[in-house]
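*Asks:*
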Amino acid sequence: MKKISLGIYRQDPSADRKGKIVKYHVPVEEGMVVLDAVRHVQENTDPTLAVRWNCKAARCGSCAAEINGVPKLMCKTRIEDIGDDITVEPMRSFTLVKDLVTDISPAWAVARSLPHFHPRQRSVHPFRIEEMDVERSQEFRKCIECMLCMDVCHVKREHNTSYVGPRYIVKAASLDMHPMDSLDRSKFLDREGGIGYCNVTKCCQAICPAHIRITENAIIPEKERAADLFYDPLMMLLKRLRKVKD
Amino acid sequence: MVSCIRVSSDVLVLGAGGGGLRAAIESQSLGAKTIVVSKSVFGKAHTVMAEGGIAASLGDVDPKDSWEVHFSDTVREGVYIGDWRSAEILSKEAPERVYELEHYGALFDRTPEGKIMQRAFGAHTYRRLCHVGDKTGLEIIQTLKDMVLHLDIEVMDEVFITKIVVSGGRAVGAIGIRMRTGEVIVFSSKAVIVATGGCGRIYKTTSNSWESTGDGIALAFNAGAELKDMEMVQFHPTGMVYPPGVKGLLVTESVRGEGGMLFNSKGERFMRRYSPKRMELDARDVVARAVYAEIMAGRGTKHGGVYLDISYKGAAFIKKKLPGMYEQFKEFAGVDITKEKMEVAPTVHYHMGGISVNPEDCRTTVEGLFAAGEVTSGLHGANRLGGNSLADILVFGRRAGVGAASYSRSREGAASDIEASAIDAEMGRIAAMFSDSDGSNPYQLVNELRDNMAGNVGIIREEKGLRAALDSINSIKERAQRVRVAGNMVYNHALFGLLELQNMLIVSECVVLGALERKESRGAHTRSDYPSKDRSWKANIVCMNDNGKIALRKDEVRPMPADLLKIVGEEVY
Ligand SMILES: Cc1cc2nc3c(=O)[nH]c(=O)nc-3n(C[C@H](O)[C@H](O)[C@H](O)COP(=O)(O)OP(=O)(O)OC[C@H]3O[C@@H](n4cnc5c(N)ncnc54)[C@H](O)[C@@H]3O)c2cc1C
Ligand code: SF4
Ligand code: SF4
Ligand code: FES
Numbered sequence: 001m002k003k004i005s006l007g008i009y010r011q012d013p014s015a016d017r018k019g020k021i022v023k024y025h026v027p028v029e030e031g032m033v034v035l036d037a038v039r040h041v042q043e044n045t046d047p048t049l050a051v052r053w054n055c056k057a058a059r060c061g062s063c064a065a066e067i068n069g070v071p072k073l074m075c076k077t078r079i080e081d082i083g084d085d086i087t088v089e090p091m092r093s094f095t096l097v098k099d100l101v102t103d104i105s106p107a108w109a110v111a112r113s114l115p116h117f118h119p120r121q122r123s124v125h126p127f128r129i130e131e132m133d134v135e136r137s138q139e140f141r142k143c144i145e146c147m148l149c150m151d152v153c154h155v156k157r158e159h160n161t162s163y164v165g166p167r168y169i170v171k172a173a174s175l176d177m178h179p180m181d182s183l184d185r186s187k188f189l190d191r192e193g194g195i196g197y198c199n200v201t202k203c204c205q206a207i208c209p210a211h212i213r214i215t216e217n218a219i220i221p222e223k224e225r226a227a228d229l230f231y232d233p234l235m236m237l238l239k240r241l242r243k244v245k246d
Numbered sequence: 001m002v003s004c005i006r007v008s009s010d011v012l013v014l015g016a017g018g019g020g021l022r023a024a025i026e027s028q029s030l031g032a033k034t035i036v037v038s039k040s041v042f043g044k045a046h047t048v049m050a051e052g053g054i055a056a057s058l059g060d061v062d063p064k065d066s067w068e069v070h071f072s073d074t075v076r077e078g079v080y081i082g083d084w085r086s087a088e089i090l091s092k093e094a095p096e097r098v099y100e101l102e103h104y105g106a107l108f109d110r111t112p113e114g115k116i117m118q119r120a121f122g123a124h125t126y127r128r129l130c131h132v133g134d135k136t137g138l139e140i141i142q143t144l145k146d147m148v149l150h151l152d153i154e155v156m157d158e159v160f161i162t163k164i165v166v167s168g169g170r171a172v173g174a175i176g177i178r179m180r181t182g183e184v185i186v187f188s189s190k191a192v193i194v195a196t197g198g199c200g201r202i203y204k205t206t207s208n209s210w211e212s213t214g215d216g217i218a219l220a221f222n223a224g225a226e227l228k229d230m231e232m233v234q235f236h237p238t239g240m241v242y243p244p245g246v247k248g249l250l251v252t253e254s255v256r257g258e259g260g261m262l263f264n265s266k267g268e269r270f271m272r273r274y275s276p277k278r279m280e281l282d283a284r285d286v287v288a289r290a291v292y293a294e295i296m297a298g299r300g301t302k303h304g305g306v307y308l309d310i311s312y313k314g315a316a317f318i319k320k321k322l323p324g325m326y327e328q329f330k331e332f333a334g335v336d337i338t339k340e341k342m343e344v345a346p347t348v349h350y351h352m353g354g355i356s357v358n359p360e361d362c363r364t365t366v367e368g369l370f371a372a373g374e375v376t377s378g379l380h381g382a383n384r385l386g387g388n389s390l391a392d393i394l395v396f397g398r399r400a401g402v403g404a405a406s407y408s409r410s411r412e413g414a415a416s417d418i419e420a421s422a423i424d425a426e427m428g429r430i431a432a433m434f435s436d437s438d439g440s441n442p443y444q445l446v447n448e449l450r451d452n453m454a455g456n457v458g459i460i461r462e463e464k465g466l467r468a469a470l471d472s473i474n475s476i477k478e479r480a481q482r483v484r485v486a487g488n489m490v491y492n493h494a495l496f497g498l499l500e501l502q503n504m505l506i507v508s509e510c511v512v513l514g515a516l517e518r519k520e521s522r523g524a525h526t527r528s529d530y531p532s533k534d535r536s537w538k539a540n541i542v543c544m545n546d547n548g549k550i551a552l553r554k555d556e557v558r559p560m561p562a563d564l565l566k567i568v569g570e571e572v573y
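Note that the protein sequences, when read in sequence, are chains A and B. Each residue of the first sequence is one higher than the one before, counting from 1 in our numbering. Each residue of the second sequence is one higher than the one before, counting from 1 in our numbering.
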C-alpha cells in the first residue's frame, strides 16, 4: 500500500514550552481525506494525539486546521489532491489547547454582543416572505462556523484589534438581509465591531469551505451602509414597500 | 488528584443538539437558571447534519393536510407500538414550533405565495417537510444557538459527562470532565434533562456524527432509568458507499422526495416489485430491505450498492434543492449528480429506542430526571418517519424544559451539594483508567464492537447471529476492563473513547437482548426466523437496571382512546 509522509504539529502547553512537527508514515487508500490520515495516527500510533472532529462530512466545522499552510477542513481535503508530503498544524489565530486543537470559545462573547434578530412583526404569525427575498440571506446561513476565515484574516492574526472578524460580519449580514428584520447592524459593526480594520483583501472569501462570498456580499455592503455611501436599492425598496404593507 | 470545580443550577441540560437547546430556552425563559453542557463544540452537535426538513402539517403546500393525518401517518408507520399520546402531541404542536422557529429568525424556503415550502418524504401522506435546501439542521442549530446566547444561558461546551448523580432516588446533578483543561466539573442541579442524542456509532456503517455513541442512554440506565424499544434501529436506505472514508454518509431522502429513482445494476427500477404504489417513497424500513435484497441477490453495483438517479431533473433544480448533496458527491466522490448516478446502500441512521419518558412533561422513571430527543423512546415506535425527529426535538425539547423548570421550582432553596463520596468514587473510577504504559487503547475494541453489531444485528436478524453478538459483547466487555490509557486528562481522546466504549457496550447489549426477545418482524426489526408480524407482540420491551444487570419486561401498548382510533383505524395482521 502506498504511504505518505504526514507531519503533525504536537504540543501540550501544560508540558512543552515549544511545539514541533512530528513525522508519521501513513498508508493511504483511494478517496482518503487528511482527517482519515490523522485519525490513523491516533488509532494506531499515538492515542494521545489531540484532534477535533465530529460530522466528518464538512457540515459541522469542527476540523479546521492549516494544511500545508492553508486553512482548510481536514475532513474535506482529499490526499490525492495535495500530494504525499503533508503537514498539518492548528489554526494560528486561536489559543492552542493541545496538538491540533484550539480554543474557539471566546467567539461566543462576540456572538452575544451582536444585536439579535428583531422581527418587525412581533405577534402575528405566520410570516409571508417571497422566495426571492430569502435567497440573499440564505447564502450567509450556509456558514458552518469553522472559523477558517478568522484564521486566515491578517487583521485577526497579526493585530490585536477589536475587529469582530469575517465570521461575524457574515452573521450580521445574515440578519440584516433577513426580510423580516428591522435593524441595521452596519453602525454596530463600524463602531464596536471594528469593520474599518478590514482592508478587503478577500483572503477569507478565497478559503471559505461553504463558498460564501464573504468580502463581496457581506463585508463590502456592510461597510458601505455604515458609511452611508451606499443604498442597496433592492433592499431599500423592499423595506419601504413592506412598511406600506404593515 | 485532579482539581474539581463545582457549579450549580436549577436545570442542567446534557446535550446541545436541537433537543437540548430548545429545552434550555424554555427553562431559562421560565425563570430557572439553566446550564447547557455538550461534549462537542457549541453549535456542532449532530443535529447540524439534518438535511431533509421538519415535519409539520402546516398545509402550506397541500391544504388538505392536518394534525390528524400527520398523527395517523406516525402511528401507522411506527407499526402501532409507538405511544399514541406522544404522536398526538407531536402532530398537534409541530406547526407552532415551526412558526416559533421563524420568529426566532430561521429562514425556510418559500412557496410562490410566500408561505413555508414543504416537500414530500417517505410515507408522509402529504408534502409536509419544511426545509432550508438540504441544510435544515444547520439552520435550526444556528437559530437556537442565537437564542441561547441572547437569553444569557450558560453554555459549557466540550464537557464530557461521565455520570448522572442520584441521591435518595432523585437525580441531583452530574459529573463531567472539561476536555480543554482536564478539570473535573461537579454539577449540582435541581433537575437534569438528558438530550444526548442517538447511538448510530455502535454500528460500523452509519450516517451519524462521531459523538453519537449513546452516552445518555447508558448514563440514564446507570442512574436507574428504564429504557424501551432498544431493538428498534433504523437503517436509512441510502448512504454513500464509495470512497471508503465516507461509507455510510447520508444521501438525504429529499433526493427521492424531489424525484430521485432507484435502479439495480441491471437498470431495473426495482421498487416496482417491492412497493408498486409508493415506489421510492415508501417507509424507510421497506425501501432499506428492498435495497439490501437487491444487493444480496447479486444485482448490486461494483462497490456494493444500487444506483440512485436524479440527474434528469437538470442542474439548476438540483443545485437549488439539493446543494449539500451536489457538493458532497462532487467533493468526496468526484461524482457530478447533475449528470451521473449515485451509488447508495443502507446505513444506520436513527434509534427509535431509548429512555422511557412520559410525553406530558418528559419525565423519566427517575425523579428529577427528564429526557428529550433521539435519546428517548415512545414516539416513533418501530419506525421513524423522516422529518419527525426534528419535530420531536423541538416539541419535546420544549416540554422537557417546562417539566424540568416546574419540577425545579417545586424544590425549595438552592440545589443541594453533591456528596463527596459520590465525587470521590467517580474520580477514582476515571483515575483507574490511566497507566504509564503506552500503546494500549480502546479503538481496537470499539471497532470490534461496531463490526459485530453490523455483522450480527443488521437489517435482517436471526437467533444464531444475535447469540453470537451477545457472546462478542461479553468478551469485549471483559477485555475493556483491562484497557488503560496513556497521557493526561487534557483533550485525551483515548480516555473519552474508553468512556464511550463502556456506554456503547451497555447500549449494544440492550439492542441485542431486545432483538432476541422480540420473536416477530415489525417495522425496522426483521427476524428471518420469525418473518411475520405477531399480534402478541403489540408490546414494548422495557430494559430495567437490576443491580447493574439488564432485566427485560414486556409491556402491552396502552390502548388508544376511541376518537383517536377512529382517525388511524385498527392494526391489520
Ligand atoms: C445525516 C442525517 C440527516 C438527518 N436528517 C433529518 C431530517 O431531515 N429530519 C429529521 O427530522 N431528522 C433528521 N435526522 C435525525 C435528526 O437529525 C436527529 O435525530 C436529531 O438531530 C437528534 O437531536 P438531539 O437533540 O436529540 O441530539 P443531538 O443533536 O445528537 O445532540 C446530542 C448532544 O448531546 C451531547 N452529548 C452526547 N453525549 C454527551 C456526554 N457524554 N457528555 C456531554 N454531552 C454529550 C452532544 O455533544 C450533543 O451536543 C438526520 C440525521 C442524520 C444523521
Ligand atoms: S464564513 Fe465560511 S470560513 Fe467563515 S466560519 Fe463561516 S463557513 Fe467558515
Ligand atoms: S477581506 Fe477583510 S476580513 Fe477578509 S481576510 Fe481580508 S481583511 Fe480579513
Ligand atoms: S468534522 Fe465536521 S466539518 Fe470536518
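A virtual CB, placed ideally from N, CA and C, is assigned to each residue, including glycine.
1) Confirm the yes/no value for this check: CB of cysteine 4 of chain B, any heavy atom of ligand 3, distance under 8 angstroms.
2) In angstroms with no decimal places, state the Cα-to-Cα distance between alanine 109 of chain A and methionine 271 of chain B.
3) Got a sec: does ligand 3 put a non-hydrogen atom nearer than 8 angstroms to the Cβ of lysine 202 of chain A?
4) Counting only beta-carbon separations shorter than 9 angstroms, does lysine 199 of chain A have a partner in chain B?
5) Once DSSP output is grouped into helix, strand and coil, what is the label at aspartate 246 of chain A?
6) Strictly under 9 angstroms for the Cβ-Cβ distance: is proline 119 of chain A near chain B by that measure?
7) Between cysteine 149 of chain A and ligand 3, is the CB less than 8 angstroms from at least one heavy atom?
8) Since I believe proline 346 of chain B is in contact with phenylalanine 434 of chain B (beta carbons under 8 angstroms), could you give me their beta-carbon distance rounded to a whole number of angstroms?
9) Kindly list the residues whose CB is nearer than 6 angstroms to the CB of aspartate 133 of chain A, restricted to its own chain and excluding five residues on each side of it in sequence; keep chain order.
10) Between isoleucine 580 of chain B and alanine 371 of chain B, what straight-line distance do the alpha-carbon atoms span, to the nearest angstrom?
11) Going along the chain, which residues of its own chain have a beta-carbon closer than 6 angstroms to the beta-carbon of phenylalanine 496 of chain B, five neighbours each way excluded?
12) Indicate, with yes or no, if ligand 2 has a heavy atom lying under 8 angstroms from the CB of glutamate 216 of chain A.
13) Is serine 212 of chain B near ligand 4, going by C-beta to nearest heavy atom under 8 angstroms?
14) Could you give the first and the last residue of the continuous alpha helix (DSSP H) run that contains asparagine 474 of chain B?
15) Does the beta carbon of tryptophan 53 of chain A fall short of 8 angstroms from some heavy atom of ligand 4?
16) Under 8 angstroms: do the region 370-384 of chain B and the region 209-227 of chain A share three or more Cβ pairs, one atom per stretch?
17) Just mark isoleucine 5 of chain B as buried or exposed, buried being the case when its beta carbon has 16 or more other beta carbons within 10 Å.
18) Can you pull the chain A neighbours of glutamate 139 of chain B, defined as C-beta to C-beta under 9 angstroms?
19) Taking a contact to mean a Cβ-Cβ separation below 9 angstroms, would you say valine 51 of chain A touches aspartate 85 of chain A in this structure?
20) Can you tell which of A/Ala111, A/Lys171, A/Cys55, A/Ile207 has the C-alpha that lies nearest to the C-alpha of valine 246 of chain B?
21) Quick check: is any heavy atom of ligand 3 less than 8 angstroms from the C-beta of glycine 259 of chain B?
22) Could you name the residues of the same chain whose beta carbon sits closer than 6 angstroms to that of serine 186 of chain A, not counting the 5 residues immediately before and after it, in chain order?
23) Under the DSSP definition of a beta bridge, which residues are partnered with valine 70 of chain A?
24) Give the straight-line distance between the Cα atoms of arginine 85 of chain B and serine 389 of chain B, rounded to the nearest whole angstrom.
25) If you drop the 5 nearest sequence neighbours on each side, which residues of the same chain put their C-beta closer than 7 angstroms to that of threonine 111 of chain B?
26) Starting from isoleucine 459 of chain B and walking both ways along the alpha helix (DSSP H), at which residues does that stretch end?
27) At what residue ranges does the region 378-409 of chain B contain a whole run of the beta strand (DSSP E), taking only runs of 3 or more?
28) Is it buried or exposed for methionine 1 of chain B, if we count other Cβ within 10 angstroms and need 16 for buried?
29) Tell me which residues of the region 343-370 of chain B have at least one Cβ-Cβ distance to chain A shorter than 9 angstroms, keeping chain order.
30) Just to confirm, is the Cβ distance from glycine 373 of chain B to glycine 20 of chain B under 9 angstroms?
31) Mind checking if glycine 31 of chain A is an interface residue toward chain B, Cβ cutoff 9 angstroms exclusive?
32) Cβ of methionine 49 of chain B within 8 angstroms of any heavy atom in ligand 6?
*Replies:* According to the structure data:
1) no
2) 52 angstroms
3) yes
4) Note on identity: in this sequence residue 199 of chain A is asparagine, with lysine being the wrong assignment. Judged by the 9 angstroms Cβ criterion, asparagine 199 of chain A is not in contact with chain B.
5) In this predicted model, aspartate 246 of chain A has a pLDDT of only 45, less than 50, meaning its place in the structure is not dependable enough to derive any value.
6) yes
7) yes
8) Their Cβ separation, rounded to whole angstroms, is 39 angstroms, which puts phenylalanine 434 of chain B and proline 346 of chain B out of contact at 8 angstroms.
9) Pro179
10) Residue coverage of chain B in this structure runs from 1 to 573, which leaves residue 580 of chain B outside it and unanswerable.
11) Phe160
12) no
13) no
14) 463-480
15) yes
16) no
17) exposed
18) Gln138, Arg141
19) no
20) A/Cys55
21) no
22) Glu222, Arg225, Ala226
23) A/Ile67
24) 16 angstroms
25) Asp60, Val61, Met117
26) From DSSP, isoleucine 459 of chain B is part of no alpha helix (DSSP H); its letter is neither H nor E.
27) none
28) Any reading at methionine 1 of chain B needs caution, since the residue's pLDDT is 46, under 50, leaving its predicted position unreliable; the model's value is listed next. That one is exposed.
29) none
30) yes
31) yes
32) Looking for ligand 6 in the displayed structure turns up nothing; the ligands present are ligand 1, ligand 2, ligand 3 and ligand 4.
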